[in-house]
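A short write-up of the structure that comes next.
In the numbering used here, the protein residues as written are -7 to 247.
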């Protein structure tokens, strides 16, 4: 297993924030890291993120990798036990359970897949919500259980939440995560969610979202910084050609 520098964002005077992106479905779990520039006023911190976990030895390797990096929070990107309850997954993530915050995937979004158990276990009142950690704002969306179309409760929540975060002078980073991706390379199993993309990527541009994480496609992919392209939504506008380092880039990275 190796550590690969995925991308560096620089916004002078703000804290280092790392994202450990860990894949359970690989035979050898791997993790990648986003690094952010340090400020003396805020302590360094990192977040772990993984989707499509399963209940097996790879799951345990994923948890061990995360524990070794002492994340402040773990982002669950959807699809956990792949069984009728979340019990086996809850058991395996016990070392990080208290710091894990989940989004809902298509394998836990109804009663036959343990939906109520996930809601109860994580003390959720809704499948979309947000929280802050130091100078980072994190928005969790639902691509599977609740409608996200324009005018719905979730859409209204997202608009108000992002507007509030963008106007908050103490927030320097905005991260969004959900299960199904807006963009993905061509593959036989899944495609990017076009309605999700057309509804929310313009909002992400408007309110300065920095990073968007998702699961569902069982392979690792990461974009350049992207702006929404209204004339061809499936072909977003790349705002940088750098493969590694970005200085306060325009647009969000999608991983």
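Virtual Cβ for every residue (Gly too), placed ideally from N, Cα, C.
Reduced DSSP category for residue i - H, G, I as helix; E, B as strand; rest coil
i	result
residue 88	coil
residue 68	strand
residue 230	strand
residue 175	coil
residue 136	coil
residue 43	coil
residue 36	coil
residue 164	coil
residue 158	helix
residue 141	coil
Residue i burial status per 10 Å Cβ neighbour count (16 or more: buried)
i	result
residue 233	exposed
residue 223	exposed
residue 71	buried
residue 230	exposed
residue 196	buried
residue 207	buried
residue 202	buried
residue 134	buried
residue 122	buried
Nearest to residue i (by Cα), restricted to the options the options
i	options	result
residue 226	201, 239, 173	173
residue 178	202, 200, 210	210
residue 199	154, 239, 189	154
residue 175	184, 168, 167, 169	184
Residue i at chain C interface by Cβ criterion, 8 Å
i	result
residue 216	The structure shown has no chain C; it contains just one protein chain.
Identified DSSP bridge partners for residue i
i	result
residue 93	67
residue 247	Paired residues: none, contrary to the question.
residue 169	132, 205
Contiguous beta strand (DSSP E) assignments of at least 3 residues, all confined to the region 190 to 235: 203 to 205
Any beta strand (DSSP E) of 3 or more consecutive residues that is wholly inside the region 109 to 135: 121 to 125, 128 to 132
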